[in-house]
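Asker:
Chains as they are written, first to last, in this note's numbering: chain A, 138 to 715; chain B, 1299 to 1407.
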């Protein structure tokens, strides 16, 4: 064999594109080293190292936002607006999870310092997934994400439920990866390539056999990714795993794994966009089922974690509607509403699960609805935050959830998928029932517990809750810049300078609308939070997170906010105006 | 080529059926491994027999190499999965002295 054929020109490497992933993964390594040598009983050093690493990674992502799209490592890593925003969401999810994890783990008596490095690697895997068009990288990212999650789900080793959820997740997850791989194999056989770009090109010059292989291959891949994203025929594991895993892991899983899986689904489906005609009817049926069935089941549940598990499945359905609208008319409808929905969903999910950790005491956790009775008396702030998050989940105006749902509804109508839009609206109405059930539990007066639960919120938890609340309210005002950023640099419209020019004024406009923002908020918030802690969270839009933990919080809160307002790119970053 | 592909499909089906039918997690896991190996066989077959449809030229090497690279990564990932999976099964065995999947129904609804 002639060795010359191996001499392909070495790919050009742009390390900046890879920098965030490298940072997060190596922070995980450092955190593991600290864990090995740490003085016992304290994870503080690990947490601060991880938070700093995540902050730097977030910064490097934000700095990249002004740069043009492109790929590196022979197309293995990709930089475009969607991938940057989704990576930022993943980093943010990990960041907030760490903030409330420590107090929870201590209360649950889970002596598992490895949680932090595992979560970091899991995040790195998710970041790889959302920023590649290569099926090999997609698979590796998926496995890095999943294998860490299997371990984290079984973290409470003394607890039967946790182990049970771990093995269910593991077996079904591995099963799903096998399907995904078989799909990749068939697609590879049909086209001779693992790169979605080249696959689309090969499809253009197809013959009969190729087409059949491709269709089956994409079908298998949809099964595999559907498992990960918990779409309906493949959702059986989700409620059990969500209920059994420790709450902080559940929150991380619900937010990060879903964002990553949807991101991968988007890449695969839009890579195979010519094929989607074949699978479209089936995908529409899946979307309808995914929205409807979990909503109906959730109405009968008594465990809040389980309810949120079903709700996250339903949310996957809403997101799928947005994706389908994009696929139906890719020129007219961009991906930006879907990404916006993911941002708002991730914020709400993390905030909600953070609040659930409040009831953990003495190695037990209370996540039944009845455990939340009297929450209003114990923790007015927590109850108020819960109302806000539920409002966003339902989709009540001025929360991020409202604009997200509205955008997807709009897209579906514009793409001619009116049926999906109607089902989405009906399901939003159904979901009110169980969401309001959670709120009702918080406002039931009497406590059923014999021993009173503690009345203090750990500072990390409080910070997470407030920051997520600020995010949920805040992204409403950044809706326009986010969408302008995401759509402005679409591959369809290569006009870069006009896009930034148009985001500039709109950012100014939105920051000027941020000023009146405390005005609409008090209508909703202090009315609920006044009796307890009126002074600290009176202007719920801006100040609180700065006051809470020491030095990291301003950076991240501005990072988060600037991250949402990334339309301005580097210009806004050095001087966040808040 | 057809025979290799059919063997791959057969192994994959056996594995999938086994996952659904069997109740012992170790056996289920072995069935998943069978599926992964079926995938590997399929990849290798395609890499060896079907050149790319695209007019690739020098990139043709990459085309068949990427299939073989994929196989190596699948094997590595499968090994990692074995380590984690057996760990979880051991933890469960220590906790309740049996690992039957049907008995794992603490959560319902």
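Note that the Cβ used here is the ideal one computed from N, Cα and C, for glycine as well.
Note that the coordinates shown come from a computational prediction; the quantities given were computed from them, not determined experimentally.
1) Residue 180 of chain A and residue 250 of chain A: beta carbons closer than 8 Å?
2) Count the other CB atoms within 10 Å of the CB of residue 198 of chain A; is the residue buried (16 or more) or exposed (fewer)?
3) If we define contact as Cβ-Cβ less than 8 Å, is residue 294 of chain A a contact residue for chain B?
4) Can the beta-carbon of residue 607 of chain A be found less than 8 Å from the beta-carbon of residue 425 of chain A?
5) Quick check on this structure: which residue in A:161, A:242 and A:195 has the alpha carbon closest to the alpha carbon of residue 597 of chain A?
6) The ligand GDP heavy atoms versus the CB of residue 349 of chain A: any closer than 7 Å?
7) Can residue 227 of chain A and residue 264 of chain A be called in contact, C-beta distance under 8 Å?
8) Classify residue 155 of chain A: buried if its beta carbon has 16 or more other beta carbons within 10 angstroms, exposed otherwise.
9) Looking at residue 350 of chain A and residue 271 of chain A, is the spacing between their C-beta atoms short of 8 Å?
10) Quick check: the region 372-384 of chain A against the region 303-314 of chain A, are there 3 or more CB pairs under 8 Å?
11) What does a CB cutoff of less than 7 Å around residue 402 of chain A pick up in its chain, not counting 5 residues either side in sequence?
12) Using the beta-carbon of each residue, which ones in chain A are nearer than 8 Å to residue 1370 of chain B?
13) Would you call residue 759 of chain A buried or exposed, if buried means 16 or more other Cβ atoms sit within 10 Å of its Cβ?
14) If you draw a straight line from the alpha carbon of residue 1321 of chain B to that of residue 1310 of chain B, how long is it in whole angstroms?
15) Cβ of residue 360 of chain A less than 8 Å from any chain B Cβ?
16) How would you label residue 502 of chain A, buried or exposed, when you count the other beta carbons within 10 angstroms and need 16 or more for buried?
17) Grouping DSSP H, G and I as helix and E and B as strand, with all else coil, what is residue 207 of chain A?
18) On the premise that residue 510 of chain A lies in contact with residue 578 of chain A, defined as a C-beta separation below 8 Å, what is that separation, rounded to the nearest angstrom?
19) For the region 425-441 of chain A against the region 524-533 of chain A, do three or more pairs of beta-carbon atoms, one drawn from each stretch, fall closer than 8 Å, so that the two count as touching?
20) Tell me the residue span of the alpha helix (DSSP H) that contains residue 1314 of chain B.
21) Examine chain A for any beta-carbon lying closer than 8 Å to the beta-carbon of residue 1398 of chain B, and answer yes or no.
22) Using a C-beta to C-beta distance shorter than 7 Å, which residues of chain B count as neighbours of residue 312 of chain A?
23) I want to know whether the region 229-237 of chain A touches the region 388-402 of chain A - three or more CB-CB distances under 8 Å.
24) Buried or exposed for residue 1396 of chain B, going by 16 or more other Cβ atoms inside 10 Å?
25) Given that residue 1344 of chain B touches chain A, what residues does it touch there, using C-beta distances under 9 Å?
26) Return no unless some Cβ of chain A is closer than 8 Å to the Cβ of residue 1340 of chain B.
27) Between the region 545-564 of chain A and the region 446-464 of chain A, do three or more beta carbon pairs fall short of 8 Å?
28) For residue 266 of chain A, is the classification buried or exposed, using 16 other Cβ atoms within 10 angstroms of its Cβ as the cut-off for buried?
29) Where does residue 312 of chain A land, buried or exposed, given buried means 16+ other C-beta within 10 angstroms?
30) Tell me where the alpha helix (DSSP H) around residue 606 of chain A begins and ends.
31) Using a Cβ cut-off of 7 Å, which residues of the region 386-414 of chain A contact any Cβ in chain B, in chain order?
32) Go ahead and pull the three-state DSSP assignment for residue 443 of chain A.
33) Along chain A, which residues have their Cβ under 9 Å away from the Cβ of residue 1388 of chain B?
34) Assign residue 501 of chain A to one of three DSSP states: helix, strand, or coil.
35) Give me the Cα-Cα distance between residue 444 of chain A and residue 466 of chain A, rounded to the nearest whole angstrom.
Answerer: In short, the structure shows the following:
1) A distance below 8 Å separates the beta carbons of residue 180 of chain A and residue 250 of chain A.
2) Per the 10 Å Cβ criterion, buried.
3) So yes, residue 294 of chain A belongs to the interface.
4) No. Outside cutoff.
5) Closest option to residue 597 of chain A, Cα to Cα, is A:242.
6) Among the components modelled here there is no ligand, and therefore nothing to report on the ligand GDP.
7) Closer than 8 Å, so yes.
8) Flag for residue 155 of chain A reads buried.
9) No. Outside cutoff.
10) By the Cβ test, the region 372-384 of chain A is in contact with the region 303-314 of chain A, since at least three Cβ pairs between them sit closer than 8 Å.
11) Same-chain partners within the cutoff: 362, 366 and 460.
12) Chain order gives no chain A residues near residue 1370 of chain B, where near means a beta carbon separation below 8 Å; the closest approach is about 10 Å.
13) In this structure chain A extends from 138 to 715, so residue 759 of chain A is not present and cannot be described.
14) Rounded to the nearest angstrom, the two C-alpha atoms are 18 Å apart.
15) Taking CB atoms only, residue 360 of chain A has no neighbour in chain B less than 8 Å away.
16) With a 10 Å radius around the Cβ and a threshold of 16 neighbouring Cβ atoms, residue 502 of chain A comes out buried.
17) Annotated three-state conformation of residue 207 of chain A is strand, per DSSP.
18) Residue 578 of chain A to residue 510 of chain A, Cβ: 6 Å. Contact.
19) The region 425-441 of chain A is not in contact with the region 524-533 of chain A.
20) DSSP places residue 1314 of chain B in the uninterrupted alpha helix (DSSP H) bounded by 1300-1319.
21) Cβ-Cβ to chain A under 8 Å: no for residue 1398 of chain B.
22) Near residue 312 of chain A (Cβ distances below 7 Å), the residues of chain B are 1317 and 1330.
23) A contact exists between the region 229-237 of chain A and the region 388-402 of chain A.
24) With fewer than 16 Cβ atoms within 10 Å of its Cβ, residue 1396 of chain B is classed as exposed.
25) Here the neighbours are 322, 323, 325, 326, 327 and 329.
26) Between residue 1340 of chain B and chain A, the shortest Cβ-Cβ separation is below 8 Å.
27) The way I'd put it, the region 545-564 of chain A does touch the region 446-464 of chain A; three or more beta-carbon pairs between them come closer than 8 Å.
28) Under a 10 Å Cβ-count criterion, residue 266 of chain A is classified as buried, with 16 or more other Cβ atoms of the shown protein chains found around its own Cβ.
29) Buried is the call here.
30) Taken as a continuous stretch (DSSP letters only), the alpha helix (DSSP H) holding residue 606 of chain A covers 596-614.
31) If the cut-off is 7 Å between Cβ atoms, the region 386-414 of chain A has nothing near chain B.
32) Of the three classes helix, strand and coil, the one that applies to residue 443 of chain A here is helix, per DSSP.
33) Going along chain A, no residue has its Cβ under 9 Å from residue 1388 of chain B, so there is no contact; the nearest lies around 10 Å.
34) Strand, per DSSP.
35) In this structure, the CA atom of residue 444 of chain A is about 34 Å from the CA atom of residue 466 of chain A.
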